[in-house]
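Undergrad:
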Amino acid sequence: MIDADRLSKVYARGVYAIRDLSLKIDKGEFVFLTGPSGAGKTTFLRLLLREELQTEGRLMVHGRELASMSSGEVQTYRRSLGFVFQDFKLIPGKRVFENVSFVPRVLGVTVEQQRRRAFQVLKWVGLQHRMSAYPHELSGGEQQRIAIARALVNEPSLVLADEPTGNLDPDLSLEIMNLFREINARGTTVVVATHDRELIRRVGRRAIALAHGSLTEAV
Amino acid sequence: MLRALTYSIQEAWESLGRSRLSGLVSVMTITVALLILGAFLVVTSNLQQLLAAWQSAAEISVYVADTISPEQRAALDDLLAGSRAVASHEFVSKSQALARFRAQFADLAPVAATFPHNPFPASFDVRLRQEARQAQTVDSLAASLRKMAGVSDVRYDRVWLERLLLTLAALQAMGWVLAGIVVVGAALTVSNVVRLTCYARRHELEIMRLVGAPMAYVRGPFVMEGALQGGAGALVALLVLWSGFAFIRGRYGEMALMALGIPELRFLPVQLCIGLVVGGMAVGCAGGLVASLGTEAGEGLVSAAPVAEAQATH
Ligand SMILES: Nc1ncnc2c1ncn2[C@@H]1O[C@H](COP(=O)(O)OP(=O)(O)O)[C@@H](O)[C@H]1O
Ligand SMILES: [Mg+2]
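One line per chain: the protein sequences are A and B, in this order. Residues 3 to 221 (our numbering) make up the first sequence, in order. Residues 606 to 919 (our numbering) make up the second sequence, in order.
#1: Between which two residues does the alpha helix (DSSP H) holding residue 78 of chain A run?
#2: May I ask you to report which of helix, strand or coil DSSP gives residue 13 of chain A?
#3: For chain B, is any of its Cβ atoms less than 8 Å away from the one on residue 190 of chain A?
#4: Taking only the alpha-carbon atoms, compute the straight-line gap between residue 837 of chain B and residue 82 of chain A and give it to the nearest angstrom.
#5: Report whether the distance from the Cβ of residue 42 of chain A to the nearest heavy atom of ligand 1 is below 7 Å.
#6: Closer than 8 Å is the cut-off here; do at least three beta carbon pairs connect the stretch 880–895 of chain B with the stretch 790–808 of chain B?
#7: So is residue 237 of chain A buried or exposed if we call it buried at 16+ other beta carbons inside 10 Å?
#8: Using a C-beta to C-beta distance shorter than 7 Å, which residues of chain A count as neighbours of residue 608 of chain B?
#9: Please compile the residues from chain B whose C-beta is within a distance smaller than 8 Å of the C-beta of residue 13 of chain A.
#10: Consider the Cβ of residue 813 of chain B: report whether some Cβ of chain D lies at a distance smaller than 8 Å.
#11: Would you say the beta carbon of residue 53 of chain A is closer than 7 Å to some non-hydrogen atom of ligand 2?
#12: Label residue 631 of chain B either buried or exposed according to how many other C-beta atoms from any shown protein chain fall within 10 Å of its C-beta, with 16 as the threshold for buried.
#13: Does residue 186 of chain A get closer than 8 Å to chain B when you measure Cβ to Cβ?
#14: Mapping the DSSP letters down to three states, classify residue 205 of chain A as helix, strand or coil.
#15: At a CB-CB cut-off below 7 Å, which residues of chain B make contact with residue 145 of chain A?
#16: For ligand 2, is there a heavy atom less than 7 Å away from the beta-carbon of residue 164 of chain A?
#17: Just the chain A side, please: which residues come within less than 9 Å of residue 809 of chain B by C-beta, in chain order?
#18: Using 7 Å as the cut-off, classify the Cβ of residue 15 of chain A as near or not near the heavy atoms of ligand 1, replying yes or no.
#19: Select from B:818, B:835 and B:885 the residue whose C-alpha is nearest the C-alpha of residue 108 of chain A.
#20: Could you tell me the distance, in whole angstroms, from the CA atom of residue 623 of chain B to the CA atom of residue 180 of chain A?
#21: Run down chain A in chain order and give the residues with a C-beta less than 8 Å from the C-beta of residue 818 of chain B.
#22: Do the CB positions of residue 163 of chain A and residue 41 of chain A come within less than 8 Å of each other?
#23: Which same chain residues end up closer than 8 Å to residue 178 of chain A when comparing Cβ atoms and leaving out the 5 residues on each side of it in sequence?
#24: Determine which residues of the stretch 48–74 of chain A have a Cβ less than 7 Å from any Cβ of chain B, and write them out in chain order.
#25: When you compare only the Cα positions, how much space is there between residue 666 of chain B and residue 716 of chain B?
#26: What number of angstroms, rounded off, separates the C-alpha of residue 742 of chain B from the C-alpha of residue 855 of chain B?
#27: Based on Cα-Cα distance, which residue from A:24, A:131, A:39 and A:57 lies nearest to residue 15 of chain A?
#28: Assign residue 676 of chain B to one of three DSSP states: helix, strand, or coil.
#29: Can you tell me which of the three DSSP states residue 24 of chain A falls into?
#30: So, for residue 97 of chain A: in the same chain, excluding its five sequence neighbours on each side, which residues have a beta-carbon less than 8 Å away from its beta-carbon?
#31: Give me the chain A residues within the contact set of residue 857 of chain B, using Cβ-Cβ distance strictly less than 9 Å, ordered along the chain.
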């Protein structure tokens, strides 16, 4: 599914954010990406989102080399991804339901389908009763569940999450992780970046540890 | 494609509702640009009409002495009839000339009544052929007319009419250049206003980019917003122009018609009005498109941000 081969990413000032990184993640896996702040977790996810291009090496997803994609292919590729961020990235001016249905809407899905899918995922994260609230009216945990609903609305084959529980307390964090486990149980590949080792221990899945952009020993 | 259009219109409409003030600025610059262009067009088209009226009016007046003999008059008549430059000619007698004066200047009728005898000379009104309307042809015709016995004076307004035509053409060219400059200015203003929208919609844009939304969805709303602003600006411009035109016609219309001798003051033809609206929308579209080009790499968002914040604090 994901195949990184001797991958390096150097930002403008000559800092190696990722250095000579080789790893494989199989289809249907649930993997944690861990390491201290500055280890390169976000950079790796941004390479996977194709928000950044690597400096050296190769990164393949679904058997396709990301760097060689045309902009049209990038659009198509991104439609197969779901993403979740630490700061939720909900659209402040839109209601919960519109936030979720926004994704199928801008992908040209019919209004009927937009509604059906948005309602389905909102029900799945247990927030269908907050449909007409605005994001700022929700708690952090609720906002992140909305963001997860949005990530799922397009039925992605790969879900990427960057510190999804960074702003949440431990109980809520575990709740969010349970959602990811459920997503994974339905066959979706899930990659979660977190520096929270305690959380990883409690969830108990494979963890890839990074330090200074390279692999360190697995936890 | 239809869905992208619906989406663009919805988002553009929402955005216009959100940023009323800056939208107003956009609409106003388009209005000013098209107002200048429109006013130029109205004025020059009426001037053209006026010149056309003058051109088809008597172009050479051959005044004859009161003492002219019937033979001399017949010779003059033959000369005019035989000239290839002349389209038609007509004899106007002394009494006809007086009657003409009375009809054209009704206010002065009492004055005319006090004349001891008819002061108006008889004349031939000569219209020239279209193809003979060059200064040389007219000059040589006038010269040979002057040499005829019984002719007291030959007057023609060809030369200054020609100059007037040249001036009008120069005026029109200037109008287009001026309008071109203002239109570019308006497009830049629209583009900057739409960039503010980029900032307001930065969350949407980021999500759209990340989920791989097609370009039609990313750019459509900006282009549509520009088009709506441009169209609104054009409509306002037409409205203002028409009000101004109606006011002037109501106030000075009759006078202008009398003094200048044109059938009526005309507003812009419908096709040109539609053209102006379409043009306004096109200018808006262009502005919106330019603004949206920066959104692709997300660079537009970064550079638009300080502008938007500076605006927001006002
Ligand atoms: N846009 C950027 N420009 C320059 N350096 C960056 C940029 N993003 C990240 N870095 C640097 O790359 C390294 C890895 O950062 P990051 O991937 O954010 O790590 P993590 O998410 O594990 O905290 C850090 O040293 C960081 O300062
Ligand atoms: Mg990070």
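Every residue gets a Cβ at the ideal spot worked out from N, C-alpha and C, and that includes glycine. Quantities reported herein were computed from a predicted structural model and do not represent experimental measurements.
TA: Result, derived from the coordinates:
#1: Locating residue 78 of chain A in the first sequence gives position 76, counting from the first residue. Annotation for residue 78 of chain A: the continuous alpha helix (DSSP H) segment containing it runs 73–80.
#2: Numbered from 1 along the first sequence, position 11 holds the residue referred to as residue 13 of chain A. In the structure shown, residue 13 of chain A sits in coil (DSSP, three-state: anything other than H, G, I, E or B).
#3: The residue given as residue 190 of chain A occupies position 188 in the first sequence. Answer no: the Cβ-Cβ gap between residue 190 of chain A and chain B never drops below 8 Å.
#4: Here residue 837 of chain B is taken as the residue at index 232 of the second sequence, counted from 1. Here residue 82 of chain A is taken as the residue at index 80 of the first sequence, counted from 1. Just so you know, the alpha carbons of residue 837 of chain B and residue 82 of chain A end up roughly 41 Å apart.
#5: Position 40 of the first sequence holds residue 42 of chain A. At least one heavy atom of ligand 1 is nearer than 7 Å to the Cβ of residue 42 of chain A, so yes.
#6: The answer is yes - the stretch 790–808 of chain B touches the stretch 880–895 of chain B, with three or more Cβ pairs under 8 Å.
#7: Absent from the structure is residue 237 of chain A, since the part of chain A shown begins at 3 and ends at 221.
#8: On the second sequence, position 3 is the one that residue 608 of chain B refers to. Within chain A, the C-beta atoms nearer than 7 Å to that of residue 608 of chain B come from 110, in chain order.
#9: Start at 1 with the first residue of the first sequence, and residue 13 of chain A comes out as number 11. Result: empty, since nearest Cβ-Cβ is about 16 Å, beyond 8 Å.
#10: This model lacks chain D altogether; the protein chains it does include are A and B.
#11: On the first sequence, residue 53 of chain A is found 51 positions in, with the first residue counted as 1. Because no heavy atom of ligand 2 lies under 7 Å away, the Cβ of residue 53 of chain A does not count as near it: no.
#12: Counting from one through the second sequence, the residue named residue 631 of chain B turns up at place 26. Within 10 angstroms of the beta-carbon of residue 631 of chain B lie 16 or more other beta-carbons, which makes it buried.
#13: As a first step, residue 186 of chain A must be located in the first sequence, where it is residue number 184. So no, residue 186 of chain A is outside the interface.
#14: Counting from 1 along the first sequence, the entry for residue 205 of chain A is found at position 203. In the structure shown, residue 205 of chain A sits in a helix (DSSP, three-state: H, G or I).
#15: Position 143 of the first sequence holds residue 145 of chain A. Here the premise fails: no neighbours, minimum Cβ distance about 13 Å.
#16: For this step, residue 164 of chain A is matched to residue 162 along the first sequence. True, at least one ligand heavy atom lies under 7 Å from that Cβ.
#17: Locating residue 809 of chain B in the second sequence gives position 204, where the first residue counts as 1. Ordered by position in chain A, the residues that pass the 9 Å Cβ test against residue 809 of chain B are 93, 95, 96, 104 and 108.
#18: Translated into positions along the first sequence, residue 15 of chain A becomes position 13. For ligand 1, at least one heavy atom lies less than 7 Å from the Cβ of residue 15 of chain A.
#19: Sequence index remark: in the first sequence, residue 108 of chain A carries index 106 (1-based). Of B:818, B:835 and B:885, the residue nearest in Cα terms is B:818.
#20: Taking the first residue of the second sequence as position 1, residue 623 of chain B is located at position 18. Taking the first residue of the first sequence as position 1, residue 180 of chain A is located at position 178. For residue 623 of chain B and residue 180 of chain A, the gap between their C-alpha atoms comes out near 39 Å.
#21: Mapped onto the second sequence, residue 818 of chain B falls at position 213. Here the neighbours are 77, 108 and 109.
#22: Reading the first sequence from its first residue, position 161 is the one you call residue 163 of chain A. Reading the first sequence from its first residue, position 39 is the one you call residue 41 of chain A. Here residue 163 of chain A is not near residue 41 of chain A, since their CB atoms are 8 Å or more apart.
#23: Position 176 of the first sequence, counted from the start, is the residue given in the question as residue 178 of chain A. Spatial neighbours of residue 178 of chain A in its own chain (CB-CB distance under 8 Å, excluding positions within 5 residues in sequence) are listed in chain order as 143, 146, 147, 150, 166, 167 and 170.
#24: Within the stretch 48–74 of chain A, the residues whose Cβ lies closer than 7 Å to some Cβ of chain B are 51, listed in chain order.
#25: Position 61 of the second sequence holds residue 666 of chain B. Position 111 of the second sequence holds residue 716 of chain B. If you take the alpha carbons of residue 666 of chain B and residue 716 of chain B, they lie about 24 Å apart.
#26: Indexing the second sequence from 1 puts residue 742 of chain B at position 137. Indexing the second sequence from 1 puts residue 855 of chain B at position 250. Cα to Cα, residue 742 of chain B sits roughly 42 Å from residue 855 of chain B.
#27: As a first step, residue 15 of chain A must be located in the first sequence, where it is residue number 13. Per the Cα distances, A:57.
#28: One-based indexing of the second sequence puts residue 676 of chain B at position 71. In the displayed model, residue 676 of chain B falls within a helix according to three-state DSSP.
#29: One-based indexing of the first sequence puts residue 24 of chain A at position 22. Strand at residue 24 of chain A.
#30: Residue mapping note: residue 97 of chain A aligns to position 95 of the first sequence, counting from 1. Apart from sequence neighbours up to five positions away, the residues of its chain that approach residue 97 of chain A with a beta-carbon distance below 8 Å are 133, 134, 135 and 136, ordered along the chain.
#31: Position 252 of the second sequence holds residue 857 of chain B. Under the 9 Å cutoff, chain A gives no residues; its nearest Cβ is about 52 Å from residue 857 of chain B.
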